[in-house]
Structures are given as C-alpha cells and as structure tokens.
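This report refers to the structure that appears directly beneath it.
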Amino acid sequence: MLDAPQSTAQASRPPTVAIKVADLIADTVWSPGGGHGTASPELSILLPTFRRGADGLLQRAIESICRQSFRDFELIVVDDASTDGSAEIVRNWMARDGRISCLTHPRNIGLPAVSELEAYLKSRGKFIGFAFDDFIYEPGAFEALVAAARANPDSLVHGYVQMVGWSGVHRVLGQELPPYAQLWQENFIANASVLMPRQIVETIGFYDPHIMATRNCDWDLWRRVQRRFPIVPIPAFIGREFGSARSDSLGSTYPVFQDVMSEFYGSRDDATLLPSRLPDRDVWALPEKTSFALAAATINVRKFFKDKSWARKAQIADDADQRRLTQSNRPIIGVAGSLDAMTSLCFDALRDRFGGELRFIDLRAPQASQTRHLLFCDALIVAGMPFEDRCRHAMAVCKNFGIDVYQLADEDPIRPARGSSERAPSDPDDVKQALQVFKGVLAISPALVERYKANALHANLRLLGPAFDRATMDKAHRVAVEPHLGKLRIGLTDDGFRRKSLQDSLYPALLRLSQHRDVELVATAPSNPGADGWAPPPSPVASRSLPRASSYDAFIQGWRALGIDLLVHPEGTSLDIDHKAPGLLLTALYLGAVPVVCDEAAFHGIGEDDGVLKAAPGAANLVTVLEGASDPDRRVELLRRLERFCVKRFDPEASQRVLQSICEATRPADALSHQARLHSEYARLFYVADQAAIQLNSRAFKLAMKLRRLVNLARHAGRALLGR
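This is the structure we're talking about:
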C-alpha cells in the first residue's frame with residue numbers, strides 16, 4: 001500500500017527542478033561498430049546493460065545474439081556506467097563483429113527506458129527488437145520473428161519465453177494467452193520476445209523514461225500498441241530470461257506502485273512519447289492532474305532515485321506537490337464489466353478522452369483483484385444488474401466503501417423470469433426497488449431510456465450508447481487480410497433467437513446465390529453443435545466456423561483477417577428486441593463489411609444512403625440484396641457511406657458529456673478517505689481470516705478425535721490378534 005509522505009516543514013519549499021532526458025544523456029559516448037556506416041540492416045536489436053559482466057550473463061547474452069541464424073541485424077549495446085568489466089566484454093565483441101555498436105554513460109542513470117531511447121535513435125533497422133543482459137536467445141529466434149513481422153507488416157509480433165528462477169523454469173510468458181485486451185489489466189508479453197516495425201514506434205511513441213514507469217515501461221508500450229495496432233503471436237520459443245533468479249535485477253530492486261499505474265499511463269498522450277519529443281520529457285515531474293494515490297506514489301518513487309547524481313538537486317516534493325496529497329483534483333471512474341461488445345462499443349472511444357480518469361475492472365477476475373482496483377475508484381459504472389452473480393462482489397465493495405455506482409443497461413429489466421437469473425425480479429415495483437442501489441442508469445439506446453421512463457424505474461436516466469472509435473477502426477484496417485479473390489465471403493451474426501431464419505431465409509438464399517457465385521459463410525462455432533436450431537449451410541455452400549472470441553477486440557481482429565465482405569444480421573424476435581442499439585453497424589464498419597440487416601427497431605430510418613442494406617423477410621428478397629452487394633465497387637461506395645454515417649450517428653462527444661457529468665458529480669478520494677477504505681478492507685479481511693481459523697480449528701479438532709478413535713481401534717485389533 002501507499003506510504004503517504006508527511007509534510008513536516010512550515011517554510012515554503014523551492015519548486016522542484018525539471019530533469020530532462022536530454023540533460024541525462026548529454027555526455028553519452030557513442031562508439032559505432034565497424035559495419036555501422038554500411039547499408040541499413042533489416043533488424044535493430046537494442047541491449048541496455050548494467051553490471052552483468054562479472055557473472056557471465058552479458059557474455060552469454062551477446063553470444064546468443066551473434067549466433068542467430070538470421071544475420072541481417074545490428075546490435076546496439078548501452079552500458080549504464082558498469083564497473084565490473086562489462087565494457088571490456090563489449091569492446092571484445094565489437095572487435096570480432098562489426099554489427100555491434102556501443103553507447104556508454106559516464107555516470108549511472110538507472111533508467112532503462114533512457115538507454116533504450118538512445119539506442120533507438122542510433123538504430124537504422126526496419127524492425128526493432130529488445131534484448132536484455134539476462135536473456136539468452138534460441139538460435140532461430142530472430143529468423144522466426146522476422147518472418148512473422150514480414151507477413152504482418154503493421155503488427156507487433158511475439159513468441160514465448162521461459163522465465164528461469166533459482167529452482168528452474170517457473171513461468172512461461174506468451175504461450176497460453178488471455179485476450180490482448182487483458183493487457184489493460186496485466187502484462188503477459190516478455191520484452192525480449194517482441195519484434196515491431198519502426199512505424200509503430202513513430203506512431204504511438206516509445207518507452208516512457210519517467211521514473212514512475214521504470215519497472216513497467218514495456219507493459220505501458222504494449223498497452224499503447226494494443227490500442228492502435230494488431231498483436232500477432234507465433235508458436236516460436238524465443239529464449240530464457242534469468243532475471244527473476246537474481247536479487248539485483250530490475251524487478252527485484254526498483255519500486256513499483258501497481259495500483260496507480262493505470263492512472264499514470266493515462267496521464268500522457270502518445271505524442272508526448274514520440275522519439276523526437278522524448279529528449280524533452282521531464283522524468284521527475286508529477287502529472288498535471290493526479291489523484292491523491294498517484295501523487296503519493298510518485299513522491300515515494302522519487303525517494304528511491306534521490307541518491308542518483310542527476311537527482312541530487314531535485315526536491316522530493318515542493319509545496320505544490322504536497323498539496324496534491326490532500327487536494328485530489330481527479331476523480332477515478334471505474335468501468336466494471338467484461339471484454340464483450342457492449343463494454344467495448346460504449347467505452348473504447350472514451351479511453352483517450354479521459355485517460356487516467358477511467359479504470360477498467362474485469363468482473364470475471366478474482367474478487368481480490370476486483371477489490372484492489374475498487375480501492376482506487378471514486379465512482380463505478382457496472383455493466384449488469386445488482387442481483388447478477390458476477391456483479392455481487394463489486395456492488396458489496398462499493399457499498400462498504402461508500403462509492404457511487406451507476407448501471408450500464410443494455411436490455412429491458414422487466415421481463416419474465418424464465419431465461420434470466422432466478423433472483424431477477426419481473427414486477428416493475430420490484431425492479432424499481434432493485435435499481436435504487438444505483439445513483440444513475442445509463443441506457444444504451446433511446447428506446448431503452450423511454451422504457452425506463454415509462455415505468456418510472458429510476459429518477460436519474462441518461463443515454464450512453466455505442467460510440468465510434470477511430471483507433472479501433474484504424475487498428476482493424478491494419479490487420480493482414482487473407483486473400484479470397486473472386487469469392488464472396490459472408491459473415492453471420494449469431495444470436496440464438498435468430499437461428500430460425502437461417503433455415504427459412506439465409507440458407508435457401510445462399511444456395512441460390514452459390515449457383516453462379518463462389519460463396520463462403522463465416523460464423524461463430526456453436527458451443528453445443530446441433531442445439532438451438534443451429535446447423536451448417538447445406539452443400540455446396542462452403543462454410544467456416546470460428547471459435548467464439550474471448551473478447552470483442554479478438555473478434556474484430558480475427559474476423560477482419562478473413563476479409564468479410566458482407567455482415568448479415570438475420571431477422572429474429574426476443575423480449576427486448578425493440579430496445580436494442582444499432583451497434584452492429586460499428587462492428588460492420590470495423591470489419592470492412594457491408595451490413596445486411598432486417599428492418600427491426602434498431603435500424604428504423606437507416607438505409608442504403610447510410611451504407612446499410614435492408615432485406616425484407618423471405619429468401620427471394622435476401623438473394624436480391626446479396627446479389628446486388630456482390631459487386632466490389634458497390635461495396636466500396638457503401639462502406640464510404642457507412643463510415644460517414646457512423647462518424648455522425650455515433651459521435652463520442654455525446655458520451656463524453658455524460659461521463660464528464662459523472663466526473664463533476666464525483667468527489668475524489670483524499671488521503672483520509674483512502675485511509676478509511678483501507679481500514680475497512682483490513683477489518684473485513686481480519687474477520688474473514690478469523691472465521692476461517694475458527695472453521696479450521698473446529699475441523700482440525702473433529703479430525704483429531706476421529707484419528708484418536710481409529711488409533712484406539714487399531715490397538716484393540718492388534719491386541720486381539722496377539723492374543724490369538
């Protein structure tokens with residue numbers, strides 16, 4: 001937990017000085033290798049090092065790089081003023097291999113991101129890789145990574161690595177992967193396993209050299225990449241990292257305040273971290289707007305670096321910094337849900353606009369993880385109802401901490417109990433009572449807002465619908481697309497209640513279309529094949545079933561790679577069909593697919609002028625629409641119209657105003673309220689531990705009595721046998 005610095009002096013402190021990257025690297029010595037003046041290599045490998053010469057790790061790391069089967073690379077080593085013979089090792093390698101160059105610091109800086117920046121500014125390769133002095137590469141690592149990077153020129157590619165501790169391999173990173181959207185919660189990509197094209201760095205920036213990012217500057221970079229570029233895994237073993245086995249490694253010695261890093265990462269924009277602007281980055285400054293927690297964490301990290309030669313003239317905290325500890329000027333709004341389409345469509349467009357003020361909480365995560373994030377929230381928007389199991393813990397924590405909670409609603413709350421939670425009320429008065437735990441309700445469609453109003457379910461209703469996100473669209477359009485020249489590839493949205501129309505309309509239409517066109521249907525594989533009316537299309541219609549995506553981001557990236565031409569949304573009926581939002585149109589735009597929809601309420605007033613094709617019920621009508629959309633030139637024009645429509649209809653400005661009103665109505669936590677939350681959580685944990693101990697002691701006593709009886713029985717049996 002945070003150790004809040006105490007204010008002890010009454011006299012004013014002088015303002016703390018700026019510490020710019022340019023000042024830190026002003027005296028760095030550049031020693032180019034013998035081959036540096038030749039043609040630019042395809043790959044540049046950056047290797048910061050500090051005191052890894054004496055134990056042999058640096059020697060092994062450089063050797064593993066130089067013996068790679070892929071040869072067209074340069075290695076730029078940055079020695080952070082080592083005193084253990086590291087410089088001599090590098091000089092010996094430079095004499096043997098002209099691909100190696102070196103940058104040397106006259107004094108230790110202790111910020112690896114600064115070393116990486118210096119190496120990057122000297123690098124010339126099309127692709128950038130990140131080596132470390134405690135990492136040993138497999139001989140074919142570069143070859144596998146470069147091949148993948150060539151095939152995915154606008155993507156970050158990575159393999160998997162083994163993390164080696166004192167007892168051997170204890171973790172494998174990059175092999176069994178969660179969805180990449182989960183990078184906003186945790187890091188699971190190893191630094192040395194990554195290759196990325198230079199244009200990614202020149203678009204979203206490089207490692208942040210600020211002292212707060214020292215331990216997690218790689219995670220920060222992966223998060224920013226994931227926001228705007230595809231990430232592609234490859235099944236290649238890249239090597240072994242030995243840092244976790246060492247007491248003097250970066251992870252073992254540098255401080256990190258994990259709970260405030262999400263806010264810190266959101267405190268700067270990408271432009272600030274562009275390589276051309278990083279020399280002007282102040283590595284010491286507090287972000288302009290901070291919560292109490294981030295201010296306290298930054299001041300604590302400053303204490304760690306205060307003994308560095310470059311930091312001795314800087315203040316730990318001036319008067320303005322001290323005021324941040326008692327006068328928070330930024331509320332933190334949590335968004336609790338899953339990585340599904342609703343949460344992504346409603347909030348992705350707001351990430352860049354609110355930065356550190358938004359904190360995303362996965363309701364599928366363990367309860368301890370949810371609590372850790374909620375400790376730092378001042379209000380919470382939860383995607384769900386209070387009686388749902390997945391929401392119960394977050395709601396209880398917010399009640400305990402006095403955190404205001406808002407509901408993000410995407411369906412009619414008044415519905416028959418069948419098909420919903422057993423605890424879900426269906427009577428309007430019961431629903432109204434259940435919703436009183438929320439300070440407000442954010443409905444995703446105007447029709448749903450009116451439904452809440454008509455039944456007087458809540459007094460504070462706002463519209464917060466899907467919003468167009470330029471970053472999501474640009475990222476999707478950077479995905480390498482599988483060619484399918486001459487084939488019409490049709491994607492199918494799959495809601496269970498729409499499956500009857502597959503047999504009645506879509507499949508007969510595809511059969512007729514396939515008589516004179518090459519057609520392929522792409523759909524999500526059912527979790528229970530044969531159930532709920534699902535069946536693949538009849539021959540000769542080709543079909544492809546994809547596994548259900550683990551997140552909306554993964555769905556967009558996976559389906560975009562197939563180059564879907566049309567996205568068909570069949571007709572269907574459900575209890576709240578009239579209250580749906582037209583978010584499917586954004587999904588189609590991101591996929592680069594023309595939407596073909598039925599005329600349900602969500603699409604009323606939308607038509608071909610907006611890039612949306614509508615099909616009346618019946619196979620014959622659907623065939624006519626699909627046939628007309630098979631012309632590639634017409635699809636290009638329809639997508640142009642669709643983008644123009646979506647940019648206007650789903651303008652994120654409206655959602656921004658709603659979220660801003662929540663921020664303005666929310667009081668940020670200060671040091672005292674944060675301390676009260678901690679005490680409350682400690683008390684709860686002590687109670688849980690005490691109850692567990694009671695149960696354990698009770699069970700242990702009962703088990704001991706059973707064992708005693710068994711021992712006595714065994715004794716009696718033994719005596720009886722001896723007596724015979």
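Sequential numbering from 1 applies to the sequence shown in full-length UniProt numbering. Glycine is no exception: its CB is placed at the ideal position from the N, C-alpha and C atoms.
CB of residue i within 9 Å of CB of residue j, strictly
| i | j | result |
| --- | --- | --- |
| Val161 | Gly174 | yes |
| Arg215 | Trp184 | no |
| Ala149 | Phe127 | yes |
| Lys122 | Ile89 | no |
| Phe70 | Gly159 | no |
| Leu286 | Ala293 | no |
| Pro179 | Val479 | no |
| Thr472 | Asp269 | no |
| Asp134 | Leu57 | yes |
| Leu567 | Leu492 | yes |
| Ile200 | Asp218 | no |
| Ile490 | Val522 | yes |
| Pro537 | Leu502 | yes |
| Gly355 | Gln407 | no |
| Val21 | Leu278 | yes |
| Gln68 | Tyr137 | yes |
Residue i in three-state terms, based on DSSP
| i | result |
| --- | --- |
| Lys487 | strand |
| Leu678 | helix |
| Arg224 | helix |
| His158 | strand |
| Ile136 | strand |
| Gln407 | strand |
| Lys453 | helix |
| Ile19 | coil |
| Pro416 | Note that Pro416 has pLDDT 43, beneath the 50 cutoff, so the model's placement of it is unreliable and the number below is only indicative. In the structure shown, Pro416 sits in coil (DSSP, three-state: anything other than H, G, I, E or B). |
| Trp30 | strand |
| Arg709 | helix |
| Phe360 | strand |
| Lys308 | coil |
| Thr49 | strand |
| Thr214 | coil |
| Phe237 | strand |
| Phe376 | coil |
| Met94 | helix |
| residue 756 | There is simply no residue 756 to check, as the chain begins at 1 and stops at 724 in what is shown. |
| Ala149 | helix |
| Leu325 | coil |
| Ser101 | strand |
| Gly628 | helix |
| Ser421 | In this prediction, Ser421 has a pLDDT of 48, which is less than 50 and means its spatial position is unreliable; what the coordinates show is noted afterwards. Ser421 falls in the coil class under three-state DSSP. |
| residue 725 | The structure shown does not extend to residue 725, since the chain is modelled only from 1 to 724, so the question has no answer here. |
| Asp469 | coil |
CA nearest to the CA of residue i, picked from the options
| i | options | result |
| --- | --- | --- |
| Leu442 | Ala454, Arg684, Val431, His458 | His458 |
| Ala314 | Leu325, Arg323, Arg302 | Arg302 |
| Arg512 | Asp565, Gly618, Ile564 | Gly618 |
| Ile238 | Ala192, Ser276, Met261 | Ala192 |
| Leu43 | Thr16, Thr49, Ala18, Ile100 | Ile100 |
| Asp427 | Lys439, Lys399, Asp412, Val114 | Asp412 |
| Ala379 | Lys399, His393, Glu388 | Lys399 |
| Asp23 | Trp284, Tyr137, Leu47 | Trp284 |
| Arg198 | Arg171, Ala190, Leu707, Val157 | Val157 |
| Ala447 | Gly440, Arg462, Gln433 | Arg462 |
| Ser82 | Asp55, Arg353, His484, Pro235 | Asp55 |
| Leu679 | Leu375, Lys308, Arg709 | In the sequence as presented, Leu is not what sits at residue 679; that position holds His. Considering only alpha carbons, the answer is Leu375. |
| Asn187 | Gln226, Thr298, Ala454 | Gln226 |
| Gly486 | Ser40, Arg499, Ser514 | Ser514 |
Residue i CB to nearest heavy atom of the ligand MN below 8 Å
| i | result |
| --- | --- |
| Leu567 | Absence of the ligand MN from the depicted structure is noted, as is the absence of any ligand whatsoever, leaving it without description. |
Residue i - partner residues in DSSP beta bridges
| i | result |
| --- | --- |
| Val169 | Val164 |
| Pro595 | Leu567 |
| Phe130 | Leu46 |
| Thr524 | Leu546 |
| Gly337 | Asp362 |
| Ile381 | Val335, Tyr406 |
Cβ contact (3+ pairs, closer than 8 Å) linking the region 103-113 and the region 25-35: Contact annotation: the region 103-113 touches the region 25-35, with at least three C-beta pairs closer than 8 Å.
The region 574-594 touching the region 501-510, judged by at least three CB pairs closer than 8 Å: no
Contact between the region 652-660 and the region 466-479 (3+ Cβ pairs under 8 Å): yes
Cβ contact check for the region 618-634 and the region 594-602: 3 or more pairs under 8 Å: yes
Cβ pair count under 8 Å reaching 3, the region 311-326 against the region 334-343: Using a C-beta cut-off of 8 Å, the region 311-326 makes no contact with the region 334-343, since fewer than three inter-stretch Cβ pairs fall below that distance.
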